[in-house]
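Asker: For our numbering, count along the sequence shown from 1 and bump the result up by 1.
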Amino acid sequence: MGSNWAAAKSVPERCIEHCKLFSPDCEFVKDKLVRTWVADDCIEMESERMEDLGKFYFDALIQDGIIVSSKWDVSLRQMKYKVNTDALVFKPGDDNNNNNEYLIIDDHNYRRNLAADLEEALHLTWLCNRFNHRSPFSHVVTTDFKHLHMLRLQGCFELPNAIFWGLKHLRSLDMSRSCISELPSSIGGLESLRYLDISGTTVSELPHSLPRLYFLQTLNLKFCSNIVALPREFGRLVNLRHLDLDIVYQLKYSMPRGMGNLVRLQTLPGFIVGKNGDGCGIGELKNMNQITGSFCISRLENVSNAEEAKEAALSDKKYIDKLKLIWRNHDNYINSIEETTEILESLQPHFHLKELDLTSYPGSKLPGWISNPGYTNIISIDLYSCMNCDLLPSIGQLPALKTLRIVDMRNVRSINSRFCRNSKAPVVKPAFPRLETFILNEMHNLEKWSGVEDGDFRCLRRLHIANCPKLLVLPSQSRFRSLQQLEIYRCTRLSSFRRWLLPASVESLIISGCRKLSNMMRQDCLCWKHMGIASAAQNQWIDLKKDL
2 MGSNWAAAKS VPERCIEHCK LFSPDCEFVK DKLVRTWVAD DCIEMESERM EDLGKFYFDA
62 LIQDGIIVSS KWDVSLRQMK YKVNTDALVF KPGDDNNNNN EYLIIDDHNY RRNLAADLEE
122 ALHLTWLCNR FNHRSPFSHV VTTDFKHLHM LRLQGCFELP NAIFWGLKHL RSLDMSRSCI
182 SELPSSIGGL ESLRYLDISG TTVSELPHSL PRLYFLQTLN LKFCSNIVAL PREFGRLVNL
242 RHLDLDIVYQ LKYSMPRGMG NLVRLQTLPG FIVGKNGDGC GIGELKNMNQ ITGSFCISRL
302 ENVSNAEEAK EAALSDKKYI DKLKLIWRNH DNYINSIEET TEILESLQPH FHLKELDLTS
362 YPGSKLPGWI SNPGYTNIIS IDLYSCMNCD LLPSIGQLPA LKTLRIVDMR NVRSINSRFC
422 RNSKAPVVKP AFPRLETFIL NEMHNLEKWS GVEDGDFRCL RRLHIANCPK LLVLPSQSRF
482 RSLQQLEIYR CTRLSSFRRW LLPASVESLI ISGCRKLSNM MRQDCLCWKH MGIASAAQNQ
542 WIDLKKDL
């Protein structure tokens with residue numbers, strides 16, 4: 002063990018000490034531990050990006066076996082970890098762990114001298130089946146906590162209002178996955194609180210006293226499906242760095258005014274644009290330049306004009322790597338199609354962007370910036386239900402694009418060379434040099450796809466075309482020299498498919514609901530065995546479904 006501690010010497014001692022608060026079977030994600038480190042001043046750096054250094058420390062503890070992988074959480078799409086408690090038992094200088102600064106108490110190890118231990122505790126994990134009048138939890142109400150910085154409560158059904166009266170120095174409070182359904186108003190008296198986690202509970206309303214937590218840095222409300230609104234004075238939480246809540250799909254009302262004061266926010270999954278002065282205008286995003294990771298802006302139909310859209314200053318937000326823009330209620334939309342086009346043009350993101358999703362955009366054409374080859378990091382573009390657009394953008398010159406999904410763009414009648422390359426470009430390069438997956442779906446008026454030249458789509462592995470009932474013409478399949486999966490569904494008029502033009506790389510071919518194409522293939526079925534995909538046919542990768 003000595004070598005492990007020597008190797009981890011760059012990690013602050015207090016970060017390692019925090020690991021003692023986790024029982025051997027307790028699972029957590031990286032962000033959870035890093036944020037508690039920040040809340041308890043374990044990271045010795047004054048910066049808006051202390052979390053980045055914390056993640057470095059976390060990775061160092063993984064390398065040294067102090068933190069170990071547990072399992073992949075499908076719902077969170079994150080790895081969960083555990084503390085290797087054996088690695089913490091005989092740490093040099095620990096005095097054999099005889100102090101009570103870090104306590105883990107459950108129903109099985111309750112001790113008679115608990116009250117005395119609690120008075121000295123800095124960090125406490127309390128695990129019990131139910132907190133009631135007979136529970137040792139009554140000590141929490143009666144004990145004067147002079148030092149307690151961190152408290153984890155699991156298994157509680159309710160919290161007495163007096164519980165927080167003596168916790169003046171508490172910095173971190175974790176009640177995740179507990180059975181509480183209400184937060185007492187006394188929580189507003191935790192004047193030193195920096196980390197609050199009630200994720201996975203049935204709490205339905207945040208108390209009006211919550212915005213009094215001036216120093217709060219993290220508020221975790223993940224999987225709190227009953228919460229539909231934020232407190233009116235939420236903008237007073239000016240030190241907030243992380244708000245974990247499915248804002249766009251969970252909140253029934255617009256966000257409260259004053260959100261623009263939260264300029265330190267790094268985690269903000271979404272933003273709902275208010276209407277006619279009700280709630281938050283999009284301009285409140287102007288100075289919120291620390292937003293990191295995935296970010297969604299919804300109800301963009303409430304943006305009045307391009308000038309208002311510019312106030313959001315999305316081009317200044319360099320830490321956003323995935324941006325989703327959603328328009329919803331088209332029936333009450335106040336802008337013309339032309340004004341909408343200008344609004345989207347004014348919502349240009351930073352060039353560090355990696356993924357872009359436009360949903361239900363009602364404008365007539367897509368913005369010029371979407372075709373800018375300066376977006377060297379974009380790997381994915383999703384265009385959903387942009388039903389007034391009749392032309393696809395010239396995005397073939399985006400150098401890193403790997404995945405492209407175009408769904409339900411009903412005004413598009415043809416895809417031509419403009420899609421692959423801008424005719425005004427001084428140098429013509431092969432189109433879509435990195436694209437691996439291309440999905441076309443619900444293109445109800447698309448009749449023709451042409452304009453593909455030799456060298457285009459050179460990395461395309463999967464081509465999926467579905468529900469294009471008017472489609473007659475596809476590019477020569479031989480141009481897709483790396484194609485491995487070709488899937489064509491319900492394209493009833495398509496007949497321009499030629500078996501001898503399939504590249505030798507094809508491993509999987511599925512054709513379903515294509516009357517003319519299926520007839521042609523049945524007539525020529527004997528020839529498929531000579532195309533280098535006979536094994537695919539035997540394994541039903543070629544699917545000639547009887548759906549005529």
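For glycine and all other residues, C-beta sits at the position ideal for the given N, C-alpha and C. Every value quoted in this text rests on a predicted model; they were computed, and no experiment measured them.
Can you check the region 217–272 for any beta strand (DSSP E) of at least 3 residues that lies completely inside it and give the ranges in chain order?
Answerer: Qualifying beta strand (DSSP E) stretches, in chain order: 219–221 and 243–245.
Asker: Give me the Cβ distance between Phe235 and Leu269, rounded to the nearest whole Å; I'm assuming they're in contact under 8 angstroms.
Answerer: In the sequence shown, counting from the first residue as 1, residue 235 sits at position 234. In the sequence shown, counting from the first residue as 1, residue 269 sits at position 268. In fact, because the Cβ distance is near 12 angstroms, the residues do not count as touching under 8 angstroms.
Asker: So which of Arg491, Val274, Arg419 and Ser509 has the shortest CA-CA distance to Ser451?
Answerer: For the purposes of this step, residue 451 is identified with residue 450 of the sequence shown, where counting begins at 1. Residue Arg419 is the option with its Cα nearest to Ser451.
Asker: Specify, as a first and last residue, the run of the beta strand (DSSP E) that Arg15 falls within.
Answerer: Residue mapping note: residue 15 aligns to position 14 of the sequence shown, counting from 1. From DSSP, Arg15 is part of no beta strand (DSSP E) but of the alpha helix (DSSP H) over Glu14 to His19.
Asker: Output the residue ranges of the beta strand (DSSP E) runs that lie fully inside the region 327–405 and measure 3 residues or longer, sorted by chain position.
Answerer: 356–360 and 381–385, all fully within the region 327–405.
Asker: Within its chain, find whatever has a CB closer than 8 angstroms to the CB of Ser496; leave out the 5 residues flanking it on each side and keep chain order.
Answerer: Translated into positions along the sequence shown, residue 496 becomes position 495. Only Leu473, Lys517, Leu518 and Met521 meet the Cβ criterion.
Asker: Using 8 angstroms as the threshold, is the region 13–29 in touch with the region 190–201, meaning 3 or more CB pairs across them?
Answerer: Judged by Cβ distances under 8 angstroms, the region 13–29 makes no contact with the region 190–201, as fewer than three pairs qualify.
Asker: From Leu461 to Phe224, what distance separates their C-alpha atoms?
Answerer: Residue mapping note: residue 461 aligns to position 460 of the sequence shown, counting from 1. Residue mapping note: residue 224 aligns to position 223 of the sequence shown, counting from 1. Roughly 38 angstroms between the two C-alpha positions.
Asker: Since Asp198 sits in a beta bridge, which residues does DSSP pair it with?
Answerer: On the sequence shown, residue 198 is found 197 positions in, with the first residue counted as 1. For Asp198, which the question treats as bridged, DSSP gives the partners Asp175 and Asn221.
Asker: Would you mind working out which of Met256, Ser226, Lys253 and Leu266 sits nearest Leu238, comparing C-alpha positions?
Answerer: Residue mapping note: residue 238 aligns to position 237 of the sequence shown, counting from 1. It is Leu266 whose Cα lies nearest to the Cα of Leu238.
Asker: Could you tell me which of Lys355, Glu312, Ile338 and Ile344 sits nearest to Tyr320, measuring between CA atoms?
Answerer: On the sequence shown, position 319 is the one that residue 320 refers to. Of the candidates Lys355, Glu312, Ile338 and Ile344, the one whose C-alpha sits nearest the C-alpha of Tyr320 is Lys355.
Asker: When you compare only the Cα positions, how much space is there between Gly375 and His353?
Answerer: Counting from 1 along the sequence shown, the entry for residue 375 is found at position 374. Counting from 1 along the sequence shown, the entry for residue 353 is found at position 352. Roughly 9 angstroms between the two C-alpha positions.
Asker: Tell me Glu488's beta-bridge partners as DSSP assigns them.
Answerer: Here residue 488 is taken as the residue at index 487 of the sequence shown, counted from 1. Note: Glu488 sits in a beta bridge opposite His465 and Ile511.
Asker: Taking 8 angstroms as the cut-off, does the region 356–366 touch the region 334–345 (at least 3 CB pairs, one atom from each stretch)?
Answerer: The answer is yes - the region 356–366 touches the region 334–345, with three or more Cβ pairs under 8 angstroms.
Asker: Quick one: what's Asp74 bridged to in DSSP?
Answerer: As a first step, residue 74 must be located in the sequence shown, where it is residue number 73. Asp74 pairs with Gln79.
Asker: Does DSSP classify Arg153 as helix, strand or coil?
Answerer: As a first step, residue 153 must be located in the sequence shown, where it is residue number 152. Strand at Arg153.
Asker: What runs of the beta strand (DSSP E), each 3 residues or longer, lie entirely inside the region 303–327?
Answerer: Those beta strand (DSSP E) runs which fall completely within the region 303–327 and span 3+ residues are 321–327.
Asker: So is Val84 buried or exposed if we call it buried at 16+ other beta carbons inside 10 Å?
Answerer: If you number the sequence shown from 1, residue 84 lands on position 83. Classification for Val84: buried.
Asker: Tell whether a beta-carbon distance below 7 angstroms holds between Ser186 and Ser210.
Answerer: Residue 186 sits at position 185 when you count from the first residue of the sequence shown. Residue 210 sits at position 209 when you count from the first residue of the sequence shown. Yes. Within cutoff.
Asker: Can you list, in chain order, the residues of its chain whose CB lies under 6 angstroms from that of Leu214, leaving out five sequence neighbours each side?
Answerer: Reading the sequence shown from its first residue, position 213 is the one you call residue 214. Excluding positions up to five away in sequence, the list reads Leu194.
Asker: Give me the Cβ distance between Ala40 and Arg172, rounded to the nearest whole Å; I'm assuming they're in contact under 8 angstroms.
Answerer: On the sequence shown, position 39 is the one that residue 40 refers to. On the sequence shown, position 171 is the one that residue 172 refers to. Yes, they are in contact, since the Cβ atoms of Ala40 and Arg172 sit about 5 angstroms apart, within 8 angstroms.
Asker: Quick check: the Cα distance between Gln64 and Arg494, rounded to an integer number of angstroms?
Answerer: Position 63 of the sequence shown, counted from the first residue, corresponds to residue 64. Position 493 of the sequence shown, counted from the first residue, corresponds to residue 494. Computed Cα separation, rounded: 58 angstroms.
Asker: Quick one: is Pro368 buried, meaning 16 or more other Cβ sit within 10 Å of its Cβ, or exposed?
Answerer: Residue 368 sits at position 367 when you count from the first residue of the sequence shown. Buried, by the Cβ-count rule.
Asker: Applying the criterion that 16 or more other CB atoms from any shown protein chain within 10 Å of the CB defines a buried residue, is Pro25 buried or exposed?
Answerer: By one-based count along the sequence shown, residue 25 stands at place 24. Pro25 is exposed by the Cβ-count criterion.
Asker: What do you get for Tyr250, buried or exposed, if any count of 16 or more other CB atoms within 10 angstroms of its CB means buried?
Answerer: What you label residue 250 is simply residue 249 of the sequence shown in a count that begins at 1. Under this definition Tyr250 is an exposed residue.
Asker: Quickly, what does DSSP pair Trp450 with across the bridge? List them, please.
Answerer: Residue mapping note: residue 450 aligns to position 449 of the sequence shown, counting from 1. Answer is Ile416, bridged to Trp450.
Asker: Could you tell me the distance, in whole angstroms, from the CA atom of Pro504 to the CA atom of Trp328?
Answerer: For this step, residue 504 is matched to residue 503 along the sequence shown. For this step, residue 328 is matched to residue 327 along the sequence shown. If I take the Cα positions, the gap works out to 40 angstroms.
Asker: Hey, could you find the ends of the alpha helix (DSSP H) Ser441 is sitting in?
Answerer: For the purposes of this step, residue 441 is taken as the residue at position 440 of the sequence shown. Ser is not the amino acid found at residue 441; the sequence shown has Leu there. Segment Thr438 to Asn442 is the beta strand (DSSP E) holding Leu441; no alpha helix (DSSP H) there.
Asker: Sorry if obvious, but does the Cβ on Cys390 come closer than 6 angstroms to a heavy atom of the ligand MN?
Answerer: In the structure shown, the ligand MN is absent, as is every other ligand, since no ligand is present at all.
Asker: Please list, in chain order, all residues of the same chain as Ile416 whose beta carbon is under 8 angstroms from its beta carbon, the five residues on each side excluded.
Answerer: Translated into positions along the sequence shown, residue 416 becomes position 415. Same-chain partners within the cutoff: Leu393, Leu447, Lys449, Trp450, Ser451 and Gly452.
Asker: State the DSSP-derived secondary structure class of Asp455, mapped to helix, strand or coil.
Answerer: Sequence index remark: in the sequence shown, residue 455 carries index 454 (1-based). DSSP places Asp455 in coil when its eight states are reduced to three.
Asker: Between which two residues does the alpha helix (DSSP H) containing Phe59 stretch?
Answerer: Within the sequence shown, numbered from 1, the residue matching residue 59 stands at position 58. Start and end: Met51 to Gln64.
Asker: Gln478: buried (16+ other C-beta within 10 angstroms of its C-beta) or exposed?
Answerer: Taking the sequence shown and counting its residues from 1, the one referred to as residue 478 is at position 477. It counts as buried.
Asker: Please name the residue, chosen from Ala88, Arg480, Phe165 and Asn290, that lies closest to Asn262 on a Cα-to-Cα basis.
Answerer: Your numbering for residue 262 matches position 261 in the sequence shown. Checking every option, the nearest Cα to that of Asn262 belongs to Asn290.
Asker: Take Glu488 and list the residues in its own chain whose beta-carbon comes closer than 6 angstroms to its own, dropping the five residues that flank it on each side.
Answerer: The residue you call residue 488 lines up with position 487 of the sequence shown. His465 and Ile511.
Asker: Select from Arg463, Met444, Gln485 and Leu484 the residue whose C-alpha is nearest the C-alpha of Pro470.
Answerer: As a first step, residue 470 is located in the sequence shown; it is residue number 469 there, counting from the start. That would be Met444, whose Cα lies nearest to the Cα of Pro470.
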